[in-house]
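First residue of the sequence shown: 80, per the working numbering; consecutive thereafter. Ideal placement from N, C-alpha and C gives every residue a C-beta, glycine not left out. This report concerns only the one structure given below.
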Amino acid sequence: MADPRGFLKVRQRETQPRRPVPVRIMDWKEVYEAQEKGTLKAQAGRCMDCGIPFCHQGCPLGNLIPEWNDLMWRDKGEEAIERLHATNNFPEFTGRLCPAPCEASCVLGINQPAVTIKQVEVSIIDEAWDNGWVSPLPPARLTGKTVAVVGSGPAGLAVAQQLTRVGHTVAVYERDDKIGGLLRYGIPDFKMEKEQVDRRVEQMKAEGTRFRTGVAVGSDVTWEQLRRRYDAVVIATGATVPRDLPIPGRDLDGIHFAMDYLVPANRAVAGETIENQINAHGKHVVILGGGDTGADCLGTAHRHGAASVTTLAIGKQPPSERASHQPWPTFPTLFEVASAHEEGGERTYLASTVEFVGENGKLTGVKVAETEFVDGKRLPKAGTERIIPADLVFLSLGFTGAEPAGIAEQVHAEFDGRGNVARDGYYMTNTEGVFVAGDAGRGQSLIVWAIAEGRAAAAAVDKYLMGSTILPAPVAPTDRAIAVL
Ligand SMILES: Cc1cc2nc3c(=O)[nH]c(=O)nc-3n(C[C@H](O)[C@H](O)[C@H](O)COP(=O)(O)OP(=O)(O)OC[C@H]3O[C@@H](n4cnc5c(N)ncnc54)[C@H](O)[C@@H]3O)c2cc1C
Ligand code: SF4
80 MADPRGFLKV RQRETQPRRP VPVRIMDWKE VYEAQEKGTL KAQAGRCMDC GIPFCHQGCP
140 LGNLIPEWND LMWRDKGEEA IERLHATNNF PEFTGRLCPA PCEASCVLGI NQPAVTIKQV
200 EVSIIDEAWD NGWVSPLPPA RLTGKTVAVV GSGPAGLAVA QQLTRVGHTV AVYERDDKIG
260 GLLRYGIPDF KMEKEQVDRR VEQMKAEGTR FRTGVAVGSD VTWEQLRRRY DAVVIATGAT
320 VPRDLPIPGR DLDGIHFAMD YLVPANRAVA GETIENQINA HGKHVVILGG GDTGADCLGT
380 AHRHGAASVT TLAIGKQPPS ERASHQPWPT FPTLFEVASA HEEGGERTYL ASTVEFVGEN
440 GKLTGVKVAE TEFVDGKRLP KAGTERIIPA DLVFLSLGFT GAEPAGIAEQ VHAEFDGRGN
500 VARDGYYMTN TEGVFVAGDA GRGQSLIVWA IAEGRAAAAA VDKYLMGSTI LPAPVAPTDR
560 AIAVL
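The following block contains the structure:
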């Protein structure tokens, strides 16, 4: 245990400082400042090393949180990263981007603010990179088996790293020009700079993973060809089909899916010249949908110099404290203030969008009404309509599932009723030797779940190829709830 009296001496959370808003919206760099080591150690020292560490169960990866809190507190950074890497291939991604369901199940959270687990995690991996403690772990021998992983988001990267390390020859196919999936072109640099992805890819290359960028499986090469060429194929193509809002005025100029805004914006930050890039400079922006994607559009619009940004959510504003039906240690739905929300903009709840209005084919506003709940349905309340002026609308309404991309026709893998690629309890589709991991099988989720599924699917592939496996399987395809007693 770290400090036996730590939780009595330090009763407050101290979270990572963020750069001042007027400064940070002038650039695209991460919003966080480094935290002072003493403060971090004091937080790690609050960990009670509980007999039953509920945080293990709260984290889909089963991260060994009390162990590395203790090691971090004792200044044993090299041992701490060894324990952290034991369950998490990419703590620099989760340490920056995870909503930290572990903290919701921290036992201290029953009567005190939870330990700042996510920050301890990111400090351990950042220190490890700085000190050269992260090195490639190539396999001792090769098995002679080959695996194609399609998609290079966190799920595909986790599958590939696990399988490469046990000696399989793994090739990652990615249709984009660079590796990373949503980590690369979805999530803006102000949440995570891309150097984090680049150095992991270098580590993986040194371990032996091969990367084939600019190859769209389904068209440049068929799924059938991959299945014939490799002993196993893993679909890790994400859930990329955006949910639309087919209401009057949808065809007006100025209404875009969020990813049509975020992807070019990320590319521009990476130094690319983008033709006809959507730019919010001087515009009135309305974002429909209050999730992560909406927040990323908000932060991007501020950095572009938007005149105003309004986020509309159809539902009620979540509470700032746990509701009674979501008791500890469940992961509650709470009113979240992400870094982008601190930077400005208006957040409106109970707002049902009924029509896009415009002139001469161009968007000029969004007609909204108050949401009312009738027989459990969310409906616009008659007589409450008003128009919010808008030059640009970003639809951030979630995703409806995986792109078919020839999966069904070429390799006969079935989709389930929710638009995801169907799989059995071992991540295998109905086609032998073809597996699915991450958002493609689960639906749009979180990075921590993508890594956990990637690790578990790798174990399933290894067992399929070799008859047994030493790889861990932290989650089953059906696991959903987090830390429910
Ligand atoms: C804007 C946005 C912000 C988000 N922010 C957060 C956050 O802050 N924290 C968090 O935990 N989660 C966040 N998420 C969710 C998280 O990013 C995803 O759950 C996670 O990336 C899923 O990983 P994945 O590997 O399954 O798929 P993806 O990351 O989507 O990667 C799939 C990859 O497959 C490639 N691909 C698709 N089809 C083909 C094909 N036919 N051939 C070759 N390649 C193909 C794609 O180009 C892509 O690179 C966010 C999501 C979005 C959209
Ligand atoms: S990966 Fe997420 S849930 Fe797991 S320990 Fe880190 S912050 Fe917590």
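For residue i and residue j, which I take to be in contact (beta-carbon distance under 8 Å), what is that distance rounded to the nearest angstrom?
| i | j | result |
| --- | --- | --- |
| G533 | V238 | 4 Å |
| L341 | C376 | 7 Å |
| G368 | A392 | 7 Å |
| D541 | A529 | Contact doesn't hold; Cβ gap of about 19 Å is too wide. |
| F172 | L262 | 6 Å |
| V472 | G333 | 6 Å |
| T463 | H491 | Actually they are not in contact, since the Cβ atoms of T463 and H491 sit about 50 Å apart, beyond 8 Å. |
| A193 | M151 | Contact flag wrong, Cβ pair sits at about 16 Å. |
| A318 | G522 | 5 Å |
Give me the Cα-Cα distance between residue i and residue j, rounded to the nearest whole angstrom.
| i | j | result |
| --- | --- | --- |
| P483 | Q191 | 47 Å |
| R153 | P408 | 28 Å |
| W212 | E157 | 7 Å |
| A315 | S231 | 7 Å |
| V348 | K88 | 44 Å |
| R97 | Y111 | 4 Å |
| A562 | D339 | Confidence in A562 is poor, its pLDDT being 36 and thus under 50, which makes the residue's placement unreliable; the coordinate value appears in the next sentence. In a straight line, the C-alpha of A562 is about 35 Å away from that of D339. |
| L564 | Q405 | With a pLDDT of only 34 at L564, under 50, the local geometry of the prediction cannot be trusted, and no value is derived from it. |
| V388 | H381 | 8 Å |
| G394 | G455 | 12 Å |
| L140 | A531 | 5 Å |
| P217 | G287 | 7 Å |
| P132 | C185 | 8 Å |
| D371 | G512 | 34 Å |
| A234 | G260 | 9 Å |
| S403 | G384 | 41 Å |
| I421 | E303 | Here the sequence assigns Glu to residue 421, which means Ile is not the residue at that position. Cα to Cα, E421 sits roughly 49 Å from E303. |
| G477 | E351 | 27 Å |
| P327 | T432 | 10 Å |
| S214 | N142 | 20 Å |
| P178 | F452 | 29 Å |
| D310 | R502 | 18 Å |
| S399 | V416 | 10 Å |
| Q114 | A121 | 12 Å |
For residue i, count neighbouring C-beta atoms within 10 Å of its own C-beta (all shown protein chains included) and say buried if the count is 16 or more, exposed if not.
| i | result |
| --- | --- |
| P356 | Before going further, note that residue 356 is Gln rather than Pro in the sequence given. That one is exposed. |
| H247 | buried |
| P170 | buried |
| P553 | buried |
| Q198 | buried |
| A227 | buried |
| S202 | buried |
| L324 | exposed |
| Q275 | buried |
| D495 | exposed |
| N499 | buried |
| P267 | buried |
| R90 | exposed |
Does DSSP classify residue i as helix, strand or coil?
| i | result |
| --- | --- |
| A562 | Only weak support exists for where A562 lies, its pLDDT of 36 falling under 50; the value from the coordinates is given anyway. In the structure shown, A562 sits in coil (DSSP, three-state: anything other than H, G, I, E or B). |
| K362 | coil |
| V348 | helix |
| P245 | The displayed chain sequence assigns Val, not Pro, to residue 245. In the structure shown, V245 sits in coil (DSSP, three-state: anything other than H, G, I, E or B). |
| R125 | coil |
| H335 | strand |
| K197 | helix |
| V213 | coil |
| L143 | coil |
| K441 | strand |
| M105 | coil |
| G430 | With the sequence shown as reference, residue 430 is identified as Ala, and Gly is not the correct amino acid for it. The answer is strand: DSSP assigns A430 an E or B state. |
| K120 | helix |
| L413 | coil |
| R502 | coil |
| K224 | coil |
| Y340 | helix |
| A207 | helix |
| F269 | coil |
| E171 | helix |
| I486 | helix |
On the DSSP bridge list, what partners appear for residue i?
| i | result |
| --- | --- |
| Y252 | V229, R291 |
| R84 | Looking at the DSSP assignment, R84 forms no beta bridge with any residue, so it has no partner. |
| E281 | Per DSSP, none; premise fails for E281. |
| G480 | V320 |
| T390 | I366, R426 |
| D450 | For clarity, residue 450 is Thr in the given sequence; the question names Asp instead. P459. |
Would you say residue i lies against chain C (beta-carbon separation less than 7 Å)?
| i | result |
| --- | --- |
| A318 | The chain inventory of the structure shown lacks chain C, comprising one protein chain alone. |
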